[in-house]
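Presented below is the structure to which this report refers.
Protein chains: 2
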Amino acid sequence: MKPRNGHISDSCRPISEVLSLIGNKWTSLIITRLTEGPMRFNVLKRNVHGISQKVLTASLRALERDGFVERIEHPTVPPSVEYRLTPFGRELGEPLLALTRFALVNGARMEAARAAYDETHDIPAPGAEPRRKPIPLRLN
Amino acid sequence: MKPRNGHISDSCRPISEVLSLIGNKWTSLIITRLTEGPMRFNVLKRNVHGISQKVLTASLRALERDGFVERIEHPTVPPSVEYRLTPFGRELGEPLLALTRFALVNGARMEAARAAYDETHDIPAPGAEPRRKPIPLRLN
DNA sequence: CGGTTTCATAAAGGTGCCTTCTTGTGCTGT
DNA sequence: ACAGCACAAGAAGGCACCTTTATGAAACCG
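Taken in order, these protein sequences are the chains called A and B.
Under our numbering, the letters of the first sequence match residues 177 to 316, in that order.
Under our numbering, the letters of the second sequence match residues 177 to 316, in that order.
Quick look at the structure:
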């Protein structure tokens, strides 16, 4: 679950790390679920619809490694593993919530913008919008 | 630049769209730069270190399509194209900033957590941590 | 004995993002 | 005539991520 940050400069490496983390298809969904309280593996799996077992395991491991999630393995049998947000994880949940709220509120606006764009830039026309006649003006 | 959201339920589709958007390797870096003011294509390219021309073009198009960025083509020669955040884009920049601030403040904490994790879960040892002896207890 | 439960891991395959390299446009300055 | 500039778009290839399917451990139950 390493972010693809090959060329990112050192100063903003943590930024792009967090950004790819929450940009992952599933990570923020997991965090959001765990915001509601601790959960066992299979409960989480049922609540995060469509996630594969392998990816859920890997995502949780990554979150645990970064200190956002705590893994509590009850030595029963069959095994029972509980996952919960750490205080650090709850801190991350806060700006994440701000973003999801934005998405929820503005989803329609985004869709409208897309529709408008697709209409003006007639969608898959190969002869795309010939350039307006340039006026000869050297800039700079 | 379509997000990979195959199995996401309708209710949270805009959420995962926004999330993949800002989780893209470059998108939020671009937005952050544009927060500082309008910029021409090549200036942007120089400021977002390491981005390839192709991806910068594609990212800007996606942002324009979603209504976050405005593209202003001055009909000079050689062409001069200016990109700027729309008001909608500036709105998005706000929760994004909250997240980057979090990353900046807590980057060290994350790194420390990782180091601690790697030390306890001896890193790439194949014989990984044998399970504690389970106590026979049927749960529920 | 054989099937079930809970969690973890592995192999195989697909898909999309990203990178480098290359080509194109239309007027510029030399 | 020719190279250069500012921007765009294409092909080829790599790699990360994700999905499905299958396997394993270890004790339980019928």
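A virtual CB, placed ideally from N, CA and C, is assigned to each residue, including glycine.
Would you identify the three-state DSSP class for residue i, choosing helix, strand or coil?
i      : result
E212/B : coil
I227/A : coil
N218/A : helix
V253/B : coil
N200/A : coil
T296/A : helix
Leaving aside the five residues before and after residue i along the sequence, list all residues of the same chain whose C-beta is less than 6 angstroms from its C-beta, in chain order.
i      : result
N223/A : R209
G258/A : Looking at the sequence shown, residue 258/A is not Gly but Glu. Counting only Cβ-Cβ distances below 6 angstroms, and skipping sequence neighbours, we find P214, R216 and I248.
N218/B : none
T211/A : G269
L197/B : T203
Indicate whether at least one CB of chain A lies closer than 8 angstroms to the CB of residue i.
i      : result
N223/B : no
G199/B : yes
G261/B : Reading the sequence as shown, one finds Leu at residue 261/B and not Gly. No, L261/B does not count as interfacial toward chain A.
M286/B : yes
P190/B : yes
V194/B : yes
R166/B : Any question about residue 166/B goes unanswered here, given that chain B covers just 177 to 316.
T211/B : no
P214/B : no
L232/B : no
Could you tell me which residues DSSP puts in a beta bridge with residue i?
i      : result
E246/B : R260/B
Does residue i come within less than 8 angstroms of chain B when only Cβ atoms are used?
i      : result
R290/A : yes
S235/A : no
T296/A : no
I207/A : no
G283/A : yes
F217/A : no
L268/A : yes
L220/A : no
Quick one: residues in its chain with C-beta nearer than 7 angstroms to the C-beta of residue i, no 5 flanking neighbours on either side, listed in chain order?
i      : result
V231/A : W202
I191/B : none
T262/B : G243, F244, V245 and E246
F264/B : G243 and F244
L205/B : V224
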